[in-house]
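*Asks:* Numbering (the working numbering), first residue to last: 271 to 609.
Ideal placement from N, C-alpha and C gives every residue a C-beta, glycine not left out.
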Ligand code: ADP
Ligand code: MG
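#1: Indicate whether residue 286 and residue 305 have their beta-carbon atoms separated by less than 9 Å.
#2: Which residues end up in the neighbourhood of the ligand ADP when you take C-beta atoms closer than 5 Å to any of its heavy atoms?
#3: For residue 520, I'd like the list of residues in its chain whose CB is within less than 7 Å of its CB, leaving aside the five on either flank, ordered along the chain.
#4: Any contact of the stretch 426–439 with the stretch 384–393, i.e. 3+ C-beta pairs under 8 Å?
#5: Any contact of the stretch 405–418 with the stretch 443–462, i.e. 3+ C-beta pairs under 8 Å?
#6: Answer with yes or no whether the minimum CB distance from residue 468 to chain C is below 9 Å.
#7: Drop a sphere of 10 angstroms on the beta-carbon of residue 423, count the other beta-carbons inside from all chains shown, and report buried for 16 or more, exposed for fewer.
#8: Taking 8 Å as the cut-off, is the C-beta of residue 477 nearer than that to any heavy atom in the ligand MG?
#9: In its own chain, which residues sit with a C-beta less than 8 Å from the C-beta of residue 587, not counting the 5 before and 5 after it?
#10: Looking at the ligand MG, does it come within less than 8 Å of residue 610, judged from the CB to the closest heavy atom?
#11: Consult DSSP for residue 461 and reduce its assignment to one of helix, strand or coil.
#12: The beta strand (DSSP E) with residue 495 in it runs from where to where?
#13: Are the beta-carbon atoms of residue 484 and residue 319 separated by less than 9 Å?
#14: To which residues does DSSP link residue 553 through a beta bridge?
#15: Using a 10 Å radius around the Cβ and a threshold of 16 neighbouring Cβ atoms, would you call residue 476 buried or exposed?
#16: Would the stretch 294–305 count as touching the stretch 330–342 if we require 3 or more Cβ pairs under 8 Å?
#17: Between residue 368 and the ligand MG, is the CB less than 8 Å from at least one heavy atom?
#18: Looking only at its own chain, which residues have a Cβ that is under 7 Å from the Cβ of residue 335, when we skip the five neighbours before and after it?
#19: Whose CA, out of 559, 512, 367 and 443, lies closest to the CA of residue 316?
#20: Under a Cβ-count criterion, where at least 16 other Cβ atoms within 10 Å of its own Cβ denotes burial, should residue 382 be classed as buried or exposed?
#21: Once the 5 residues before and after residue 526 are set aside, which same chain residues still bring their CB inside 7 Å of it?
#22: How about residue 332 and residue 366: do their beta carbons lie closer than 9 Å?
#23: With residue 416 and residue 377 assumed to form a contact (beta carbons below 8 Å), what rounded beta-carbon distance in angstroms separates them?
#24: In this structure, how does DSSP classify residue 410 when only helix, strand and coil are distinguished?
#25: Closer than 7 Å by C-beta to residue 497: which residues in its own chain qualify, once you throw out the five before and the five after it? Chain order, please.
#26: The ligand MG and residue 446: does any heavy atom of the ligand fall closer than 8 Å to the residue's C-beta?
#27: To the nearest angstrom, how far is it from the Cα of residue 495 to the Cα of residue 517?
#28: May I ask which residues mark the beginning and end of the alpha helix (DSSP H) holding residue 516?
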């Protein structure tokens, strides 16, 4: 069968559809994934989240056929993954393994170059691409000649992300890609990745067990429990309106505060600064959560809002912020700022 990798006819992104997907491992009574149905529109980041063992990794591995489905179907741009020749299928899908899975006996350059080599790229092109990707994920160029064992877990995960992006696949499956990285570096990598995603649209299924990471990374978030999909919504909907007690406890008792992170002061109508220009000031780029936090720390009910160079833009009062998350809050549908 000669065919193109999935997604290659779209604008470098492919729609993924899970249609009643079930996976039962041999010798297991309980299905690891059961009747899973959801869609990821082309170019979106869909986060899969849920407790350990709920079937996230299994769901990912079914997409590029690392394991076979027991029932249902997964389609990419309308075509079943089973209708693709498996190497072609995987060429269009970058995969970041939960357990990293670098080849220990190969240099970083050869790890990143493993798929390009299969495609017949020459050494020079592979080296240039590997160097470019290393910079992108924040590793030194001299890492190219080193072996995975010489790197920390977090650095190895960066190499894993670089490897998955090597041939610029339209689809990426990322299984807890930033899991072994310290919080500060993780925050940077998340930001880098989101920035990159704005430029190069890919369809991404991103697995995490960290609700804060899910809220930050996902256009939409799918919460799983014991092989089933419990709720799939935008972060705002999930935080505002969890479908049951499981989801509510999973997103956390502070879901109101988490929701405030979805907006910045740009989203709030400011009041005129007036003459009482003293008092603490906050940048208009701050999240509503940070602004509220500053009010509480400073023991004030309002803040002066300034733009990047510190010039005053107006004032924000606490009620303008808390109004966003109360019952019938003023957070209007569809204006959620995706980080
Ligand atoms: P998650 O990634 O959400 O932690 P997994 O998809 O790894 O969950 O596992 C889902 C369920 O399937 C678990 O009960 C796990 O024990 C089981 N499982 C995973 N891999 C295998 C396997 N190769 N053989 C049998 N059972 C498995
Ligand atoms: Mg897993």
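*Replies:* According to the structure data:
#1: The residue you call residue 286 lines up with position 16 of the chain shown. The residue you call residue 305 lines up with position 35 of the chain shown. In this structure, residue 305 does not lie closer than 9 Å to residue 286 by Cβ.
#2: 295, 302, 322, 323, 324, 325, 326, 327 and 328
#3: Position 250 of the chain shown holds residue 520. Around residue 520: 481 and 493.
#4: Judged by Cβ distances under 8 Å, the stretch 426–439 makes contact with the stretch 384–393, as three or more pairs qualify.
#5: Enough Cβ pairs lie closer than 8 Å, so yes.
#6: No chain C is present in this structure, which holds just one protein chain.
#7: Your numbering for residue 423 matches position 153 in the chain shown. Flag for residue 423 reads exposed.
#8: The residue you call residue 477 lines up with position 207 of the chain shown. Checking the Cβ of residue 477 against the ligand MG gives yes.
#9: The sequence position of residue 587 within the chain shown is 317, counting from 1. So the list reads 541, 571 and 572, once near-sequence residues are dropped.
#10: No information on residue 610 is available, as it lies outside the stretch 271 to 609 that the chain covers here.
#11: In the chain shown, residue 461 corresponds to position 191, counting from 1. The three-state secondary structure of residue 461, taken from DSSP, is helix.
#12: Residue numbering aside, residue 495 sits at position 225 when the chain shown is read from its first letter. 490–495 is the span of the beta strand (DSSP E), which, as asked, contains residue 495.
#13: For the purposes of this step, residue 484 is identified with residue 214 of the chain shown, where counting begins at 1. For the purposes of this step, residue 319 is identified with residue 49 of the chain shown, where counting begins at 1. In this structure, residue 319 lies closer than 9 Å to residue 484 by Cβ.
#14: Here the question's residue 553 lines up with position 283 in the chain shown. Its beta-bridge partners are 576.
#15: Counting from one through the chain shown, the residue named residue 476 turns up at place 206. Residue 476 is buried by the Cβ-count criterion.
#16: yes
#17: Looking up residue 368 in the chain shown gives position 98. Residue 368 Cβ: within cutoff of the ligand MG.
#18: The residue labelled residue 335 in the question sits at position 65 within the chain shown. So the list reads 351, 356 and 359, once near-sequence residues are dropped.
#19: Along the chain shown, read from residue 1 onward, the residue named residue 316 stands at position 46. Among 559, 512, 367 and 443, the Cα nearest to that of residue 316 belongs to 443.
#20: Indexing the chain shown from 1 puts residue 382 at position 112. Its Cβ being crowded by 16 or more others within 10 Å, residue 382 is buried.
#21: Taking the first residue of the chain shown as position 1, residue 526 is located at position 256. Around residue 526: 595.
#22: One-based indexing of the chain shown puts residue 332 at position 62. One-based indexing of the chain shown puts residue 366 at position 96. No, they are not a contact pair.
#23: Locating residue 416 in the chain shown gives position 146, where the first residue counts as 1. Locating residue 377 in the chain shown gives position 107, where the first residue counts as 1. Confirmed, Cβ separation roughly 6 Å.
#24: Position 140 of the chain shown holds residue 410. It is coil, neither helix nor strand.
#25: Taking the chain shown and counting its residues from 1, one reaches residue 497 at position 227. Cβ neighbours of residue 497 beyond the five flanking positions: 301, 302, 303, 304, 324 and 325.
#26: Sequence index remark: in the chain shown, residue 446 carries index 176 (1-based). Yes, since a heavy atom of the ligand MG falls inside the 8 Å radius drawn around the Cβ of residue 446.
#27: The residue you call residue 495 lines up with position 225 of the chain shown. The residue you call residue 517 lines up with position 247 of the chain shown. Between residue 495 and residue 517, the C-alpha separation is close to 9 Å.
#28: By one-based count along the chain shown, residue 516 stands at place 246. Unbroken alpha helix (DSSP H) run through residue 516: 515–521.
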